[in-house]
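Structure, as structure tokens:
2 protein chains.
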Amino acid sequence: MEETSISEKKQSLLDKIQDVSFRRGIAYPTGEIYGGLSGAFDYGPLGTLMRLKLINFWREYFVKDENHFEVEGSLIIPEKVFEASGHLAKFNDPLVQCKSCKSMFRADKIIEDKLDQNADGLSPEELDKIISKNKLKCPSCEGDFMNAREFNLMLKTEVGSVSGNVAYLRPETAQNIFTSFKRISHSMRAKLPFGVAQVGKVYRNEISPRQFIIRVREFKQMELEVFFAEEQLDDPPRFEELADELLPILTREQQAKGIEEPILISAADAVKKKILPNAAMAYYLVKEKILFEEVGVNPELIRFRHMLPKETPHYSGGNFDLEVKLSIGWTEVVGNAFRQQHDLTSHEKASKTKMGIQHTTGNVIPFVIEPSIGVGRTMYCVLESCYRETDDRDWTWFQFPSTIAPYDVQVCPLMKKDGLEEKALEIFEELKSEGFETIFDSSGKIGKRYARSDEIGTPYCVTIDYDTLQDDTVTIRDRDTMEQIRVPQEELPDAMVLLLTGEYGLKELEDLLKESTE
Amino acid sequence: MEETSISEKKQSLLDKIQDVSFRRGIAYPTGEIYGGLSGAFDYGPLGTLMRLKLINFWREYFVKDENHFEVEGSLIIPEKVFEASGHLAKFNDPLVQCKSCKSMFRADKIIEDKLDQNADGLSPEELDKIISKNKLKCPSCEGDFMNAREFNLMLKTEVGSVSGNVAYLRPETAQNIFTSFKRISHSMRAKLPFGVAQVGKVYRNEISPRQFIIRVREFKQMELEVFFAEEQLDDPPRFEELADELLPILTREQQAKGIEEPILISAADAVKKKILPNAAMAYYLVKEKILFEEVGVNPELIRFRHMLPKETPHYSGGNFDLEVKLSIGWTEVVGNAFRQQHDLTSHEKASKTKMGIQHTTGNVIPFVIEPSIGVGRTMYCVLESCYRETDDRDWTWFQFPSTIAPYDVQVCPLMKKDGLEEKALEIFEELKSEGFETIFDSSGKIGKRYARSDEIGTPYCVTIDYDTLQDDTVTIRDRDTMEQIRVPQEELPDAMVLLLTGEYGLKELEDLLKESTE
């Protein structure tokens, strides 16, 4: 057997991104000094800034722009809610255990990994058949498997001082919204259609957490439940604004043929040809595509996959996952579910609370479209899409758009002495007060500081040097081109706006400044 | 026994606020249609808007303004962390159970309620003595109590598919920060002093949740851990900016004398006279006082109570709770702990990870000041402080400052017809695009709409009437005075800024507009 030295061993892209994330405080394991907890991560200062920008972008574009309502529900929810929703009976993954080493695996993933075939949604018996027919063995010890069984993915706890008062950590944010539907619609005097948004943590007791922040046990969702009267599903507000946008869709027919690349079709045509269940779904798919592009995910790596019948709950009118082609393969990042009337009617039945709402056609139970975006997975897609190793520099860097870069601008004095640091701090405070996400760095050689700034994807560096003290000009360095221009200190805030919005590049800005002084 | 009809029965202030909160979608029980879960609440659309404003205010004032770092940790944390932190052994409340009806109570609260004496921090044996000496009985059935025992307040869960892998829902956000201290300080190249902030959910298995959103099992904290070298504790950055501000402090000596009203003393004097442990603590107490005033809590209802020795952990250098005088009595809303080096040294010992950081005096373990603000409780204080029943109107209303009011402005067409609604929608969109939190209401009589707007504390209503269609002016109605002025539509966004920042009242604004047209 050949030996491979560590330096020769090619690191996967995921490993590289995990390394820089650990090192630069983007994300790292929870309780790491005690060995961590599988599938749990803390977001550090840079990761938190990115998440706040992402959530704010979503809040503006998916909530406020649509006049939807936002709520914030408890993460701990009583058992009865999940009896009614079906999670207690059906929110399961198939589990197989090795007879020899007792390791546990997801049966469907064992089949997918070893046979490269989709085994989503198969019953334990069907999975057992495939495993035994193909003589699949334990990946850890080559032992035989016991029979597969269903494993419920909800995390359980007990509240109160008497035992037996069971509650669950919610597996999706949606149930808070459905169970409070009357409260929300009444208190806001809401008329159909309207949406209710929620950002918050959810929990899934994954059998084998893996792939850094991709398959974890605690994660944050940005979710919408949009309620429509049936006849509004094909005529949602503002559809015409986005009807001509192209959507990359992978149909069930293409999947049956083994095709992986989506077709491109306009939202309007996808509805007309019944590729999508309705225009309401189409509208939100377009918005998601736009959000992903805006935060730096290469749009050519996105597809909306029509989930196969066995992957789709019986009550659904069609689910479409937004998947991103990552180094680890196509990965679900957004779930779009057409939940129809299922949840409200289930809760109406179980709780004996009327869930109808007054509408022009009478008292109706609305239909639900649910676009549910994973915050951590979206962030990982951005990290992979923006990661750069280029010949022109000795360091890796992130080409983040300013919509998601942790910092907009880094301020550096060339030296710490001769009043340069004080001047730089003054400019730092000025940029901060104008609302720019700003970081100050005065330690080490300037080249090192540019490298550190690039490594975390800060679009611009502003440097204060001896000329600044003479003529009140500073240099702006562009992360992507590494070019620099000088601008008057008083023009800096306006210049940053023009640069960060992408209206001007460094060159155009220099020309503009020349014109204005001529 | 006299009979009291329901209408005669005086509703407590807490009940009134709970009623309007349920009805108007501020907060309501989680899973209410199934009877709810004791101590768990969902925040509805209005409550969520208020919380977002509160958190943003804190983020600007306590985090960004101080150049602190913000992180977001996992809520599920492995057991070893809480072994080291002491929570597993010591995060307990004393529990007593009734021998007859089996009801459970907090032993110290039974004593406080029945004897009006503080029983915080007493051992089960001490509590048993007081209970038996005073012959205290079960409040539900008058039965006798069993002996008191310690009850751990952490909520437990098991992760993974093999049983026995115990983790806890964090009881405070702090431990994520302490266990990741090296990651955070290294990745940000942080130099002492620096602070790490976190907003997030925490869990306490309260024995008897009560008082609406005050004593709950799941709540949100806005927490800071600020790290200082020992010699910096009395010389924190920017202390001089706040040194002369007055702090309402209740000393241990006053408490011994049964005094409830605090003394007023400047931050600088409180440090000089050793009433506070150090200037670093004093600085954050002032900031809290300012935050509470800004979001609408009457500053005369606030005190910083020096916790008594039995209420204070052994490692603390002095804890000061910000308490608010509510209708239910003085209530802890913020905890300020001087945790000294306790947490970092405990984790260094337990994890064998060096926690020192480079400083001018060498490698040091920093000292910690921890201001920890309860989001729900702060919100409740605002609700009580701003609640109004006045003779000049038939409805209750909230006199919220614009820093926390769910909406800044409501837009109403006088009628739905004759193009008034279209014009109003145009103005609604314009105000929204300028960044104002705006609500549209076109249903019912205009008086009803003003009442609804007042009830949720919206500072201003903008009404579009027939004159608007003629001369492009709109009326602005002030919630507090119910007065109205007309302003040109094009001046509306600037007018709203002047009004909402409090720079101008309605009258001053009217004069300003007259001047500018003369």
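Chains as they are written, first to last, in this note's numbering: chain V, 1 to 518; chain S, 1001 to 1518.
All C-beta atoms, glycine included, are put in the ideal place defined by N, C-alpha and C.
Note that the coordinates shown come from a computational prediction; the quantities given were computed from them, not determined experimentally.
{"query": "Between which two residues does the beta strand (DSSP E) carrying Asp494(V) extend?", "result": "Element bounds for Asp494(V): not the beta strand (DSSP E) but the alpha helix (DSSP H), Leu492 to Leu500."}
{"query": "Assign Lys1053(S) to one of three DSSP states: helix, strand, or coil.", "result": "helix"}
{"query": "Please list, in chain order, the chain V residues whose beta carbon lies closer than 8 Å to that of Met1496(S).", "result": "In chain order: nothing, as chain V lies at least about 17 Å away."}
{"query": "Opposite Pro29(V) in the DSSP bridges: which residues?", "result": "Phe41(V)"}
{"query": "Does the beta carbon of Ala1167(S) sit closer than 8 Å to a beta carbon anywhere in chain C?", "result": "Protein chains in the displayed structure are V and S, and chain C is not among them."}
{"query": "Looking at Glu1225(S) and Val1368(S), is the spacing between their C-beta atoms short of 8 Å?", "result": "yes"}
{"query": "What would DSSP say about Gly335(V), mapped onto helix, strand or coil?", "result": "strand"}
{"query": "Would a check of beta-carbon distances place Asn1152(S) closer than 8 Å to chain V?", "result": "no"}
{"query": "State the Cα-Cα distance for the pair Ala119(V) and Ile130(V), rounded to the nearest angstrom.", "result": "9 Å"}
{"query": "Quick one: which residues of the segment 332 to 347 of chain V get their C-beta closer than 9 Å to a C-beta of chain S? List them in chain order.", "result": "His347"}
{"query": "Report the residue from Leu1192(S), Lys1432(S) and Lys1220(S) whose alpha carbon sits nearest the alpha carbon of Thr1360(S).", "result": "Leu1192(S)"}
{"query": "Does DSSP put Glu1008(S) in a helix, a strand or coil?", "result": "Unreliable positioning characterises Glu1008(S) in this predicted model, as indicated by a pLDDT of 45, which lies under 50. A coordinate reading is not provided."}
{"query": "Could I get the ranges of all uninterrupted beta strand (DSSP E) runs contained in the segment 1400 to 1460 of chain S, with 3 residues as the minimum, in chain order?", "result": "1409 to 1413 and 1438 to 1440"}
{"query": "Can you tell me the Cα-Cα spacing of Gly329(V) and Glu260(V), whole angstroms?", "result": "11 Å"}
{"query": "Given a limit of 8 Å on CB to CB distance, which residues of the segment 456 to 470 of chain V reach chain S?", "result": "none"}
{"query": "The segment 379 to 390 of chain V: which residues have C-beta closer than 8 Å to a C-beta of chain S, in chain order?", "result": "none"}
{"query": "Please list the residues of the segment 69 to 87 of chain V that have a C-beta atom closer than 7 Å to any C-beta atom in chain S, keeping them in chain order.", "result": "Phe69, Glu70, Val71, Glu72, Gly73, Ser74, Leu75, Ile76, Ile77, Pro78, Lys80 and Val81"}
{"query": "Under 8 Å between the Cβ atoms of Ser161(V) and Phe1151(S)?", "result": "yes"}
{"query": "Assign Val1333(S) to buried or exposed, taking buried as 16 or more other Cβ atoms, counted over all protein chains shown, within 10 Å of its Cβ.", "result": "buried"}
{"query": "Please name the residue in Pro1459(S), Ala1267(S), Gln1254(S) and Glu1223(S) whose C-alpha comes closest to that of Ile1055(S).", "result": "Glu1223(S)"}
{"query": "Using a Cβ-Cβ cutoff of less than 6 Å, which residues in the same chain neighbour Arg1479(S) once the five nearest sequence positions on both sides are dropped?", "result": "Asp1454 and Pro1459"}
{"query": "Rounded to the nearest angstrom, what separates Glu3(V) and Gln11(V) at their Cα positions?", "result": "The predicted model places Glu3(V) with a pLDDT of 41, which falls under 50 and marks its position as unreliable; any figure quoted below should be read in that light. Taking the straight line joining both Cα atoms gives about 16 Å."}
{"query": "Restricting to Cα atoms, I'd like to know which of Pro309(V), Ser351(V), Ser327(V) and Lys156(V) is closest to Asn319(V).", "result": "Pro309(V)"}
{"query": "Leaving out five residues before and five after Glu1245(S) in sequence, what residues of the same chain have Cβ atoms less than 6 Å from its Cβ?", "result": "Ala1267 and Val1286"}
{"query": "Would you check if the distance between the CB atom of Lys1220(S) and the CB atom of Leu1247(S) is smaller than 8 Å?", "result": "no"}
{"query": "Would you tell me roughly how many angstroms separate the C-alpha atoms of Glu370(V) and Asn1147(S), rounded to the nearest one?", "result": "52 Å"}
{"query": "Tell me whether the beta-carbon of Phe428(V) lies closer than 8 Å to the beta-carbon of Val411(V).", "result": "yes"}
{"query": "Pull up the DSSP beta-bridge partners for Lys325(V), would you.", "result": "Trp330(V)"}
{"query": "So, under 8 Å CB-CB, Ser1074(S) and Asn1176(S) are touching, yes? Tell me the CB distance rounded to an integer number of Å.", "result": "7 Å"}
{"query": "Helix, strand or coil for Tyr519(V), going by three-state DSSP, please let me know.", "result": "The shown model of chain V, from 1 to 518, leaves out residue 519(V), and the question about it has no answer."}
{"query": "At 9 Å on the CB atoms, spell out the chain V contacts of Gly1044(S), in chain order.", "result": "Phe69, Val71, Glu72, Ser180, Arg183, Ile184, Ser187 and Met188"}
{"query": "State the DSSP-derived secondary structure class of Phe178(V), mapped to helix, strand or coil.", "result": "helix"}
{"query": "The ligand NAP and Lys135(V): does any heavy atom of the ligand fall closer than 7 Å to the residue's C-beta?", "result": "Absence of the ligand NAP is noted for the structure shown, with no ligands found whatsoever."}
{"query": "Using a C-beta cutoff of 8 Å, does Arg984(S) count as contacting chain V?", "result": "Chain S is shown only over 1001 to 1518; residue 984(S) falls outside these bounds and no answer can be derived."}
{"query": "In terms of alpha-carbon separation, which member of Gln1097(S), Pro1045(S), Arg1388(S) and Met1415(S) lies closest to Ala197(V)?", "result": "Pro1045(S)"}
{"query": "Run through DSSP, which three-state label would Ser1266(S) get?", "result": "strand"}
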